[in-house]
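As structure tokens, the structure follows; a few thoughts come after it.
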């Protein structure tokens with residue numbers, strides 16, 4: 002017989018933990034399924050030097066602040082410790098090493114199939130896998146001919162892997178910026194290939210995290226937000242990266258001025274888009290070629306929704322089509338937490354969306370004969 006719950010949360014990272022805490026508070030029977038062998042598995046496997054771009058006051062999950070001695074911008078280790086303490090404090094019902102391979106419908110319920118042959122049923126399903134668990138690698142022609150090493154930024158851990166080598170980093174996001182700075186400081190010759198650029202903003206403005214200003218500005222029309230972001234970036238000098246594509250998906254600026262300063266100083270080199278690999282390096286969009294020992298694809302992530310097997314629609318950026326931030330347009334008992342990204346920071350949005358989803362599930366549980374509303 003399948004395990005039955007009122008709700009199932011897929012993902013044991015910050016989005017899953019935040020949602021679970023809210024469901025516990027509302028008395029909803031549920032379980033959190035984490036495919037890794039520990040909570041926050043993805044965070045355990047990100048690069049060692051990672052530091053949050055967002056201040057600790059607006060990067061907490063519902064119900065618990067960071068420890069008082071945590072720095073204003075928590076490190077990866079600080080955040081992992083916080084997640085573990087959070088799960089223990091609220092006694093969240095988490096099962097690790099459970100890999101969901103298929104989600105399907107059976108009458109009015111969700112049925113989840115796992116890699117080890119289990120079946121779990123629930124009335125409501127919350128996808129809290131975020132996007133960092135699913136790295137996206139573009140199909141670049143000629144990769145099989147390249148004699149060097151190619152990795153996604155999700156595989157990068159520390160600069161000793163690449164120090165002293167010629168490395169190309171593809172992408173213009175925050176991972177690309179941070180990894181390129183770190184490698185340049187450890188003796189690598191670093192080039193960054195940028196096809197669609199980014200707005201660059203300081204991490205702090207007059208000692209205040211830029212995120213705190215974003216919370217005030219973000220509710221304004223998108224065009225106004227873009228102008229404000231561009232103006233803030235211009236305070237520190239002329240633009241060094243091309244502007245972001247108007248058709249891009251995640252409109253998050255490159256936070257911190259270290260990357261821009263390194264470009265100006267010539268310690269990191271900038272090239273245009275990548276066309277293809279060659280035997281010894283790459284060919285760029287302008288048809289020029291250059292040799293590299295390593296290529297790091299800092300090309301971002303996509304929502305981990307493959308186990309739906311086409312059961313739901315996705316938008317042009319690969320996220321589940323939804324309304325009211327968290328509710329699926331296809332299934333009113335399907336919710337997404339951790340899929341909203343903007344300048345206020347992923348964790349700020351997770352806290353907001355976890356409460357939103359849990360409130361809707363609780364309302365549905367109180368009126369079991371009424372389908373949860375998607376509007």
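In this note's numbering, the protein residues as written are 2 to 376. Ideal placement from N, C-alpha and C gives every residue a C-beta, glycine not left out.
Taking all protein chains shown into account, do 16 or more other C-beta atoms lie within 10 angstroms of the C-beta of residue i, making it buried, or fewer, making it exposed?
i           : result
residue 171 : buried
residue 109 : exposed
residue 43  : buried
residue 49  : exposed
residue 206 : exposed
residue 100 : exposed
residue 192 : buried
residue 316 : exposed
Assuming residue i and residue j form a contact by the criterion Cβ under 8 Å, report the distance between their Cβ atoms to the nearest whole angstrom.
i           : j           : result
residue 329 : residue 321 : 6 Å
residue 303 : residue 137 : 5 Å
residue 6   : residue 123 : 5 Å
residue 175 : residue 81  : Not a contact, Cβ separation roughly 19 Å.
residue 146 : residue 285 : In fact, because the Cβ distance is near 16 Å, the residues do not count as touching under 8 Å.
residue 173 : residue 134 : The pair is not a contact, with the Cβ atoms about 22 Å apart (cut-off 8 Å).
Going by Cα to Cα distance, which pick from the options is closest to residue i?
i           : options               : result
residue 349 : 206, 58 and 306       : 58
residue 74  : 318, 311 and 210      : 210
residue 312 : 113, 196 and 284      : 113
residue 40  : 56, 115, 129 and 66   : 129
residue 188 : 167, 197 and 178      : 167
residue 47  : 155, 94 and 38        : 155
residue 437 : 22, 13 and 270        : Missing from the structure shown is residue 437; the chain here goes from 2 to 376 and no further.
residue 345 : 69, 142 and 54        : 54
residue 22  : 358, 308 and 296      : 358
residue 64  : 92, 72, 45 and 288    : 92
residue 131 : 368, 283, 360 and 15  : 15
residue 342 : 106, 13, 94 and 326   : 326
residue 331 : 347, 337, 319 and 314 : 314
residue 94  : 158, 184, 140 and 10  : 10
residue 158 : 181, 263 and 276      : 181
residue 164 : 151, 183, 177 and 179 : 183
Are residue i and residue j closer than 7 Å when you measure CB to CB?
i           : j           : result
residue 281 : residue 292 : yes
residue 335 : residue 24  : no
residue 78  : residue 51  : no
residue 254 : residue 200 : yes
residue 62  : residue 19  : yes
residue 17  : residue 33  : yes
residue 3   : residue 120 : yes
residue 149 : residue 294 : yes
residue 351 : residue 29  : no
residue 102 : residue 337 : no
I need the DSSP call for residue i, collapsed to helix, strand or coil.
i           : result
residue 321 : strand
residue 72  : coil
residue 355 : helix
residue 213 : helix
residue 373 : Here residue 373 scores only 48 on pLDDT, less than 50, and its place in the model should not be relied on; the value that follows carries that caveat. Coil, per DSSP.
residue 270 : strand
residue 67  : coil
residue 136 : strand
residue 25  : helix
residue 123 : strand
residue 7   : strand
residue 277 : strand
residue 17  : helix
residue 290 : strand
residue 82  : helix
residue 146 : helix
residue 363 : helix
residue 1   : Any answer about residue 1 is impossible in this case: the structure gives the chain only from 2 up to 376.
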